[in-house]
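Asks: Numbering (the numbering used here), first residue to last: 12 to 221.
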């Protein structure tokens, strides 16, 4: 009976880790709505640690912004979302509609502490930022970074979804280039076809294609 219920996704547990809760919780909500009997656990952690959780069997799924490095892992990009410049409503640019990357010189740019791991991805937006030409404020997570933006401690790059619901933040289009943030779902290569994990991949891929 237990094996039959697992096969039909009427029971089971999925342990998920992510580098940020901002996008990950939306994916979990969609999966939970489709499979309400599956118990979920969720933790956020730095990108440098996240693959170890999968390899050490402490997590089943990772949601991150860079492809996996270890060849024992399977990673699939489910979406790539344009980024905007996020500023506080108290920032002098709070009425601006567009900005160029050159205009960022002299501004304090807020970066997550695990940006180095994400920047290894080809074409990652951080490659446009010259740390010698900009003041960089490094914070523990993207969530803390958003609070720092809202409190006018600096500016950052967020998706429209990250910005839209927070009335304290104003989004500005980047005029001279299109910066994007990718989202990858990662699991053990040998577990990719398991019923539970395959169902999570299927539910998130359908979101990315919308």
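Just so it is clear, CB atoms sit at the ideal spot from N, CA and C, and this is done for glycine as well.
Would you check if the distance between the CB atom of residue 27 and the CB atom of residue 65 is smaller than 7 Å?
Replies: Locating residue 27 in the chain shown gives position 16, where the first residue counts as 1. Locating residue 65 in the chain shown gives position 54, where the first residue counts as 1. No. Outside cutoff.
Asks: Can you grab the Cα-Cα spacing for the pair residue 133 / residue 80, in whole Å?
Replies: Walking along the chain shown from the start, residue 133 turns up at place 122. Walking along the chain shown from the start, residue 80 turns up at place 69. Caution is warranted here: a pLDDT of 49 is assigned to residue 133, below 50, making its placement in the model unreliable, and the coordinate value is therefore given only provisionally. Straight-line Cα distance between these residues: approximately 13 Å.
Asks: Quick check: the Cα distance between residue 17 and residue 49, rounded to an integer number of angstroms?
Replies: For the purposes of this step, residue 17 is taken as the residue at position 6 of the chain shown. For the purposes of this step, residue 49 is taken as the residue at position 38 of the chain shown. Residue confidence is low: residue 17 scores 48 on pLDDT, short of 50, so the model does not pin down where it sits. Its coordinate-derived value is still stated next. Cα-Cα distance, rounded: 9 Å.
Asks: Where in the stretch 181 to 208 do unbroken runs of the alpha helix (DSSP H), each at least 4 residues long, occur, reported from the N-terminal end onward?
Replies: none
Asks: Which class does residue 50 belong to by DSSP, given the choice of helix, strand or coil?
Replies: Here residue 50 refers to the residue found at position 39 when the chain shown is read from its first residue. In the structure shown, the three-state DSSP call for residue 50 is strand.
Asks: Going by DSSP, name the residue or residues bridged to residue 90.
Replies: In the chain shown, residue 90 corresponds to position 79, counting from 1. In DSSP, residue 90 forms a bridge with 194.
Asks: DSSP three-state call for residue 99: helix, strand or coil?
Replies: Locating residue 99 in the chain shown gives position 88, counting from the first residue. Three-state DSSP puts residue 99 in a strand.
Asks: For residue 123, list the residues DSSP reports as bridge partners.
Replies: Numbered from 1 along the chain shown, position 112 holds the residue referred to as residue 123. BP columns for residue 123 point to 150.
Asks: When you compare only the Cα positions, how much space is there between residue 90 and residue 170?
Replies: Mapped onto the chain shown, residue 90 falls at position 79. Mapped onto the chain shown, residue 170 falls at position 159. Whole-angstrom Cα-Cα distance: 12 Å.
Asks: Tell me where the alpha helix (DSSP H) around residue 68 begins and ends.
Replies: Stepping through the chain shown from its first residue, residue 68 is reached at position 57. Note, residue 68: premise wrong, no alpha helix (DSSP H); not H, not E.
Asks: Check each candidate in 88, 112, 83 and name the one with the smallest Cα separation from residue 187.
Replies: For the purposes of this step, residue 187 is taken as residue 176 along the chain shown, with counting starting at 1. Comparing Cα-Cα distances from residue 187 to each of 88, 112, 83, the minimum goes to 112.
Asks: Which of helix, strand or coil does DSSP assign to residue 167?
Replies: Here residue 167 refers to the residue found at position 156 of the chain shown. If DSSP states are grouped into helix, strand and coil, residue 167 belongs with the strands.
Asks: In the DSSP output, what is residue 26 paired with across the bridge?
Replies: Residue mapping note: residue 26 aligns to position 15 of the chain shown, counting from 1. In the DSSP output, where bridge partners are listed per residue, residue 26 has 52.
Asks: Please name the residue in 105, 101, 86, 87 whose C-alpha comes closest to that of residue 95.
Replies: As a position in the chain shown, residue 95 is number 84, starting the count at 1. For residue 95, the nearest C-alpha among the options comes from 105.
Asks: Residue 31 lies in the alpha helix (DSSP H); which residues open and close that run?
Replies: Here residue 31 is taken as the residue at index 20 of the chain shown, counted from 1. That residue, residue 31, is in no alpha helix (DSSP H); it is neither H nor E in DSSP.
Asks: State the DSSP-derived secondary structure class of residue 118, mapped to helix, strand or coil.
Replies: Here residue 118 refers to the residue found at position 107 of the chain shown. Three-state result, residue 118: coil.
Asks: Please report the straight-line C-alpha distance between residue 31 and residue 167, rounded to a whole angstrom.
Replies: Taking the chain shown and counting its residues from 1, one reaches residue 31 at position 20. Taking the chain shown and counting its residues from 1, one reaches residue 167 at position 156. Rounded to the nearest angstrom, the two C-alpha atoms are 15 Å apart.
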